[in-house]
Amino acid sequence: MRWLANHKAALVIVVVGLLALLGLEAFRYARVYGDLRDGKDLLVSSADLLEERGLDITQRDLDDAGGRLVRARDKLNSASSVLGSDPLLSVASHLPWMGTQVDAARNLADVGVDSSDIGIQAVEAVREFQQIRDTQGGALSEKVVPVLDAVEPNVAVIEQKLAAVQESREAIADDGLLGPLGSAVGQLDQHIEELESRLTDYRRAARMAPKVLGYDGPQTYLLLAHDNTEMLGSGGFILVYGFITFDQGRLDRTFFGNVGNINPNWPPATDGYIEPPRPLQTYLLRDWPMGL
C-alpha cells in the first residue's frame with residue numbers, strides 16, 4: 337500500500353509538472369503572438385506615417401516613425417528568437433502540415449525584423465535629404481546628385497535587407513498555409529514588388545542624374561513648346577523653341593524664341609522648293625512648311 341501511495345504521489349507530481357510546463361509554454365506562445373501582433377502594427381503604422389507625410393515630414397513625425405520601427409524590431413526579434421529556439425516548435429516543425437505553419441511563422445518573423453531595419457534606413461535617408469535641402473544653397477537641380485550620394489549607404493543596407501527578406505520568402509510554402517499566414521504572405525509579396533520598383537527607380541536616377549545635369553560636362557537640351565489644339569505629326573504645332581544648359585547641376589544657360597523667327601523668309605523664292613502633295617497642302621499644311 338505504501339508503494340502504491342508513493343507511486344500515486346509521484347504521478348501527481350509528474351502531472352503537475354507537465355501542467356506547469358504546458359502553462360509556461362502557453363504563456364510564452366501568448367507572448368510571442370502579442371509581440372508579432374504589436375510588431376506588425378508598429379511596422380504598418382510607421383509605414384503609413386512615412387507615406388502620408390512624404391519628404392516634407394516634420395522632424396517630430398520622423399522621430400515618431402523611427403521610434404515605432406525600433407520598437408517593432410525589438411518585439412519581432414524577441415518573437416523570432418522564441419520561435420527559433422522553442423523545443424516543442426522544433427518537434428512540430430518535423431510534422432506534416434504543422435511543420436509548414438511553423439516554418440512560415442518563423443520566416444515571417446525574420447522578415448519582420450529585416451523590414452524594421454529597412455524602415456529605419458528609410459527614415460535616415462529622409463533625414464539626409466532634408467538636411468541637404470535645408471542647408472545647401474542653390475536650385476533643386478544642384479541638390480539632386482548630392483542627395484543621391486548622401487543616401488547611397490542607406491540604400492545599400494536596404495538592398496541587403498531586401499535580399500534577406502526575399503530569401504526568407506522563398507523558404508515559405510505558397511500553399512497549405514492557415515488564413516492569417518497566407519494573408520501575411522500575400523501582403524509581403526506586394527511590398528517586395530513595390531520596394532523592388534522603388535530601388536530600380538533610385539538606381540536609374542543615380543546612374544543618369546550626373547550625366548543629365550552636367551556633372552560629366554555641360555549638357556544642352558532643345559525644348560519645343562507644342563500647341564496640341566493644332567495637331568501635327570510631332571504632337572502639335574510648335575510655337576516656341578528653346579535651349580537650356582546644365583553644368584554641375586546649375587542651370588547655366590536658357591534661351592527661348594518664336595519658331596517663326598527661325599526662317600522668316602518662308603516660303604523660299606528659289607527654284608529648289610518642292611511642293612508638298614496636294615492633299616497635304618490643301619487640308620493640313622496650307623501655307624505652313626512641311627517641317628512643322
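Each residue of the sequence shown is one higher than the one before, starting from 337 at the first, in my numbering. Note that the Cβ used here is the ideal one computed from N, Cα and C, for glycine as well.
Judged by their CB atoms, S452 and R409 are nearer to each other than the 7 Å cut-off. For D510, the secondary structure class from DSSP, reduced to helix, strand or coil, is coil. C-alpha of L587 to C-alpha of I580: approximately 7 Å in a straight line. Buried is the label assigned to N490, since at least 16 other Cβ atoms lie within 10 Å of its Cβ.
When the Cα atoms are used, N413 and R539 turn out to be separated by approximately 30 Å. Taking S416 as the centre and dropping the five residues before and after it, the same chain places the C-beta of R442, A445, D446, G448, V449 closer than 8 Å to its C-beta, in chain order. Contact between L535 and E495 holds: CB atoms are separated by about 6 Å, below the 8 Å threshold. In the same chain as G420, and ignoring 5 residues on each side of it, the C-beta atoms closer than 7 Å to its own belong to R442, in chain order. Between Q555 and F582, the C-beta gap is smaller than 7 Å, which places the two residues in contact. Cβ neighbours of K479 within its own chain (closer than 7 Å, five residues either side excluded): I468, R469, Q472.
In the displayed model, G593 falls within a strand according to three-state DSSP. Going by C-alpha positions, V493 is about 11 Å away from E460.
For H562, there is no enclosing alpha helix (DSSP H); the enclosing beta strand (DSSP E) has its first and last residue at 555-563. Counting every other CB atom within 10 Å of its CB across the protein chains shown gives S519 a total below 16, marking it as exposed. Residues of the same chain with a CB within less than 7 Å of the CB of L575, apart from the 5 flanking positions on each side, are A561, D563, V595 in chain order. Look at T394 here: in three-state DSSP terms it is coil, with no helix or strand label. Annotation note: the segment 391-474 contains the following uninterrupted alpha helix (DSSP H) runs of length 4 or greater, listed N- to C-terminal: 395-421, 423-428, 434-471. D552 carries a coil assignment under DSSP once its states are collapsed to helix, strand and coil.
Taking 7 Å as the cut-off, the beta carbon of A458 is found no closer than this to the beta carbon of I508. Our two residues, D392 and L398, have alpha carbons roughly 10 Å apart in a direct line.
If the five residues before and after A428 are omitted, its C-beta is found closer than 6 Å to the C-beta atoms of M434, V438, all from its own chain and listed in chain order. In this structure, G585 places its C-beta atom within 7 Å of the C-beta atom of L549.
Comparing alpha carbon positions, the residue from A545, F465, P516 closest to Q395 is F465. Y619 has its alpha-carbon roughly 52 Å from the corresponding atom of E387.
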